[in-house]
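Residue 167 in our numbering sits at position 179 of the sequence shown, and the numbers go up by one each step. Yeah, the Cβ is synthetic: ideal placement off N, Cα and C, and Gly gets one too. Only a predicted model underlies this, so the values are computations on that prediction, with no experimental measurement involved.
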Amino acid sequence: MNEKEIRAEIDRLVGELWRERIAGKAEFVPGRSAVHYAGRVYDDQEIRALVRSALDFWLTAGPEAQAFEAEFAKAAGAKYALLVNSGSSANLCAISALGSPKLKRPLRAGDEVITTAAGFPTTVNPIVQNGWTPVFVDIDLGTYDASLERIRAALSDRTRAIVLAHTMGFPFDAPAVRAFCDQHDLYLIEDCCDALGATIGGRPVGTFGHYGTVSFYPAHQMTVGEGGAVFTDSGKLSWIARSFRDWGRDCWCEPGEDDVCRKRFGYQLGTLPFGYDHKFIYAHVGYNLKALDLQAAIGREQIKKLPAFIAARRENWTAMRSHLERYCEVLILPEARPGTEPSPFGLVLTVRENAPFTKDDLTRYLEERKIQTRPLFAGNILRHPAYRDVRHRVVGELRNADAITDRTFFVGVYPGIDEKKRTYVLETFDRFFAERVSPS
-11 MNEKEIRAEI
-1 DRLVGELWRE
9 RIAGKAEFVP
19 GRSAVHYAGR
29 VYDDQEIRAL
39 VRSALDFWLT
49 AGPEAQAFEA
59 EFAKAAGAKY
69 ALLVNSGSSA
79 NLCAISALGS
89 PKLKRPLRAG
99 DEVITTAAGF
109 PTTVNPIVQN
119 GWTPVFVDID
129 LGTYDASLER
139 IRAALSDRTR
149 AIVLAHTMGF
159 PFDAPAVRAF
169 CDQHDLYLIE
179 DCCDALGATI
189 GGRPVGTFGH
199 YGTVSFYPAH
209 QMTVGEGGAV
219 FTDSGKLSWI
229 ARSFRDWGRD
239 CWCEPGEDDV
249 CRKRFGYQLG
259 TLPFGYDHKF
269 IYAHVGYNLK
279 ALDLQAAIGR
289 EQIKKLPAFI
299 AARRENWTAM
309 RSHLERYCEV
319 LILPEARPGT
329 EPSPFGLVLT
339 VRENAPFTKD
349 DLTRYLEERK
359 IQTRPLFAGN
369 ILRHPAYRDV
379 RHRVVGELRN
389 ADAITDRTFF
399 VGVYPGIDEK
409 KRTYVLETFD
419 RFFAERVSPS
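This is how it looks when you write it as structure tokens:
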């Protein structure tokens, strides 16, 4: 057999292995089998792609990563995309880029960045790590994002940027926030790690800001294992983010390329001697945040499934929310802003203050019956020990951030939850409420 034939046989055997794995998969047993809040969803195509990439043995980012970036940019509705090793790294790249000396108005030490007090830590952490001051505003229950009114109240003469997440896949009012940013010469970064595929007026989230970021962790809308991406319509901003990803270097050659600019030994930068190798000149204090070709190979197959994944999430979310409307006297149900099409990460529920039970009562009941629950990430991030001594500013009271810390959780809606699992989850909610409340 030649190499082509051997590869074809390996590919065939991978398909057989997948079919054997599916045939041996245990049936779901209500109350005994777990209903996870999220998980990887894939088939033999991802495994075949992974094995093909492994056989090529390109150990770093390479041709698969380059192809993935082009395909993902198209899927995200952007001109440029940059594959990184996590959603947190995507935020680190995008936020750090705002301090680049290549920009006309880079952020400086002590500048302020408006964000919310409730969310995921790595939406906030790069602000702190760059020496800037996070300015925290409260969120609204139901949408779990910050209104423009709260953002407007936080504006000061030191404000330089706004970093907001489309929490749980539900878009904030990005058009209005971007207009506010343009009015006040601010940068906007949209953290879309929960929200890939969500739209506002038909336009994808992440395309309103200067940068959009996403995560490809297995819990999210698509996965490459650990991974993420930064995307933008600006070639300059894309290059700056790429520099931060790739050690901070000034060169823009792809892996395996040399002298694309035809001036590799023709630059005079800093106090370096003329002709110093451009591949080893550094424009930023950067990182190494690259992903692998192996991951990109998986991601290219996941992109093909993304529309179906999002449709399944929407179907689960809609059915579950509709069923739970009968308990709205004791639960605050999530709401989508008018004109938006969410890409739900989960079904967020807040127990009302006057409910005859606590969030812990409900989540314990669900967990004991093998239904996974999760809090709404960090809740009020300022209540965590890591942020005790972080320089910051708070505008207004953080009552709702405190409320979600104490009374909010979510359950899964990912594509791995089929009708049988969904029915079990809703019947379990019904049994809990039957013991405590009367449906409205």
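(1) Consult DSSP for T396 and reduce its assignment to one of helix, strand or coil.
(2) If I measure Cβ to Cβ from A183 and keep anything under 6 Å in the same chain, skipping five residues before and after, which residues do I get?
(3) Could you say which of I150, V413 and R36 lies nearest to W6 if we only look at CA atoms?
(4) Is R40 helix, strand or coil when you go by DSSP?
(5) With 16 as the cutoff for other CB atoms within 10 Å, does L225 come out buried or exposed?
(6) State yes or no: is the C-beta of T110 within less than 8 Å of the C-beta of R381?
(7) Give, in chain order, every unbroken run of the beta strand (DSSP E) that is at least 3 residues long and sits entirely within the stretch 171 to 258.
(8) Tell me the residue span of the alpha helix (DSSP H) that contains F262.
(9) Just checking my contact of N388 with L129 at CB under 8 Å: how many whole Å lie between their CB atoms?
(10) Just the C-alpha distance for A324 and A63, rounded to the nearest angstrom, thanks.
(11) Specify the secondary structure class of G107 as computed by DSSP and reduced to three states.
(12) Provide the residue span of the beta strand (DSSP E) that contains F124, from first to last.
(13) Terminal residues of the continuous alpha helix (DSSP H) containing R309?
(14) Does the beta-carbon distance from F397 to T328 come in below 8 Å?
(15) DSSP three-state label for P114, please.
(16) Identify, in the order they occur along the chain, each residue of the same chain with its Cβ nearer than 7 Å to the Cβ of I83, setting aside the five sequence neighbours on each side.
(17) If you follow the beta strand (DSSP E) that G334 is part of, which residue opens it and which one closes it?
(18) What residue from W227, I(-2), Y68 and L71 has the CA that sits closest to V39's CA?
(19) Decide if the stretch 356 to 370 is in contact with the stretch 93 to 113; the criterion is three or more beta carbon pairs, one per stretch, under 8 Å apart.
(20) Could you please give the first and the last residue of the uninterrupted beta strand (DSSP E) stretch that includes V151?
(21) Which residues does DSSP list as the beta-bridge partners of L319?
(22) Hey, out of R288, A391, T411 and T361, whose CA is closest to A53's CA?
(23) For G435, I'd like the list of residues in its chain whose CB is within less than 7 Å of its CB, leaving aside the five on either flank, ordered along the chain.
(24) What are the boundary residues of the alpha helix (DSSP H) that A82 is part of?
(25) Within a Cβ cutoff of 6 Å, which residues of the same chain sit near L353, ignoring the five residues on either side of it in sequence?
(26) Run through DSSP, which three-state label would Y375 get?
(27) Classify K347: buried if its beta carbon has 16 or more other beta carbons within 10 angstroms, exposed otherwise.
(28) If you count every other CB in all the chains shown that lies within 10 Å of the CB of Q283, and 16 or more means buried, which is it?
(29) Quick check: the stretch 309 to 318 against the stretch 230 to 247, are at least 3 beta-carbon pairs closer than 8 Å?
(30) Could you check how far apart the C-beta atoms of D99 and R148 are, in whole angstroms? I think they sit under 8 Å.
(31) Could you please give me the residues that DSSP links to R381 through a beta bridge?
(32) Closest to W305 by C-alpha separation, out of R237, G334 and G3, would be which residue?
(33) Who are N429's beta bridge partners in DSSP?
(34) What residue range is occupied by the uninterrupted alpha helix (DSSP H) comprising L414?
(35) Within 10 angstroms of the Cβ of V23, are there 16 or more other Cβ atoms? Answer buried if so, exposed if not.
(36) CA-CA distance, Y275 and N73?
According to the data block:
(1) Walking along the sequence shown from the start, residue 396 turns up at place 408. Here T396 sits in strand by DSSP.
(2) Indexing the sequence shown from 1 puts residue 183 at position 195. Contacts found: H154, G157, V193 and S331.
(3) The count along the sequence shown starts at 1 and reaches residue 6 at position 18. W6 has its Cα closest to that of R36, out of I150, V413 and R36.
(4) Translated into positions along the sequence shown, residue 40 becomes position 52. Here R40 carries a helix assignment [DSSP, helix/strand/coil].
(5) By 1-based counting over the sequence shown, the position of residue 225 is 237. By the 10 Å Cβ count, L225 comes out buried.
(6) Mapped onto the sequence shown, residue 110 falls at position 122. Mapped onto the sequence shown, residue 381 falls at position 393. No, these two residues do not count as a Cβ contact at 8 Å.
(7) 175 to 179, 199 to 203 and 216 to 220
(8) By one-based count along the sequence shown, residue 262 stands at place 274. Premise fails: F262 is in no alpha helix (DSSP H) and is neither H nor E.
(9) Stepping through the sequence shown from its first residue, residue 388 is reached at position 400. Stepping through the sequence shown from its first residue, residue 129 is reached at position 141. Right, the Cβ-Cβ distance comes to about 5 Å (below 8 Å), so this counts as a contact.
(10) One-based indexing of the sequence shown puts residue 324 at position 336. One-based indexing of the sequence shown puts residue 63 at position 75. The straight-line gap from Cα to Cα measures roughly 22 Å.
(11) By one-based count along the sequence shown, residue 107 stands at place 119. Three-state result, G107: coil.
(12) As a working mapping, residue 124 is identified with position 136 in the sequence shown. From DSSP, the beta strand (DSSP E) with F124 extends over T121 to V125.
(13) As a working mapping, residue 309 is identified with position 321 in the sequence shown. Residue range D281 to L312 is occupied by the alpha helix (DSSP H) that includes R309.
(14) For the purposes of this step, residue 397 is taken as residue 409 along the sequence shown, with counting starting at 1. For the purposes of this step, residue 328 is taken as residue 340 along the sequence shown, with counting starting at 1. Not in contact: F397 and T328 (Cβ atoms no closer than 8 Å).
(15) The count along the sequence shown starts at 1 and reaches residue 114 at position 126. Residue state, collapsed to three classes: helix.
(16) Walking along the sequence shown from the start, residue 83 turns up at place 95. Leaving aside the five residues that flank I83 on each side, the residues in its chain whose CB is nearer than 7 Å to its CB run, in chain order, P114, I115, N118, V151 and I177.
(17) Residue mapping note: residue 334 aligns to position 346 of the sequence shown, counting from 1. Note, G334: beta strand (DSSP E), G334 to V339.
(18) Indexing the sequence shown from 1 puts residue 39 at position 51. V39 has its Cα closest to that of I(-2), out of W227, I(-2), Y68 and L71.
(19) Below 8 Å, enough C-beta pairs join the stretch 356 to 370 and the stretch 93 to 113 to call them touching: three or more.
(20) Your numbering for residue 151 matches position 163 in the sequence shown. Here the beta strand (DSSP E) through V151 covers T147 to A153.
(21) Numbered from its first residue, the sequence shown carries residue 319 at position 331. V339.
(22) Here the question's residue 53 lines up with position 65 in the sequence shown. Proximity to A53 across R288, A391, T411 and T361 peaks at R288, based on C-alpha coordinates.
(23) The structure shown does not extend to residue 435, since the chain is modelled only from -11 to 428, so the question has no answer here.
(24) Here the question's residue 82 lines up with position 94 in the sequence shown. Where A82 is concerned, the enclosing alpha helix (DSSP H) stretches over G75 to A85.
(25) As a first step, residue 353 is located in the sequence shown; it is residue number 365 there, counting from the start. The sequence as given places Tyr at residue 353; Leu does not occur at that position. Cβ within range, chain order: F420.
(26) As a working note, residue 375 is residue 387 in the sequence shown. Y375: helix per DSSP, three-state reduction.
(27) Translated into the one-based positions of the sequence shown, residue 347 becomes position 359. K347 sits buried, since 16 or more C-beta atoms from the chains shown fall within 10 Å of its C-beta.
(28) Position 295 of the sequence shown, counted from the start, is the residue given in the question as residue 283. The residue in question, Q283, is buried, as its Cβ has 16 or more Cβ neighbours within 10 Å.
(29) no
(30) On the sequence shown, residue 99 is found 111 positions in, with the first residue counted as 1. On the sequence shown, residue 148 is found 160 positions in, with the first residue counted as 1. Yes, they are in contact, since the Cβ atoms of D99 and R148 sit about 4 Å apart, within 8 Å.
(31) Residue mapping note: residue 381 aligns to position 393 of the sequence shown, counting from 1. DSSP, once it has assigned bridges, lists V123 as partnering R381.
(32) In the sequence shown, residue 305 corresponds to position 317, counting from 1. The candidate whose alpha carbon is nearest that of W305 is G334.
(33) Here the chain has residues from -11 to 428 only, and residue 429 is not among them.
(34) Taking the first residue of the sequence shown as 1, we reach residue 414 at position 426. Run containing L414: E407 to A422, per the alpha helix (DSSP H) assignment.
(35) Mapped onto the sequence shown, residue 23 falls at position 35. Label assigned to V23: buried.
(36) The count along the sequence shown starts at 1 and reaches residue 275 at position 287. The count along the sequence shown starts at 1 and reaches residue 73 at position 85. Taking the straight line from one Cα to the other gives about 11 Å.
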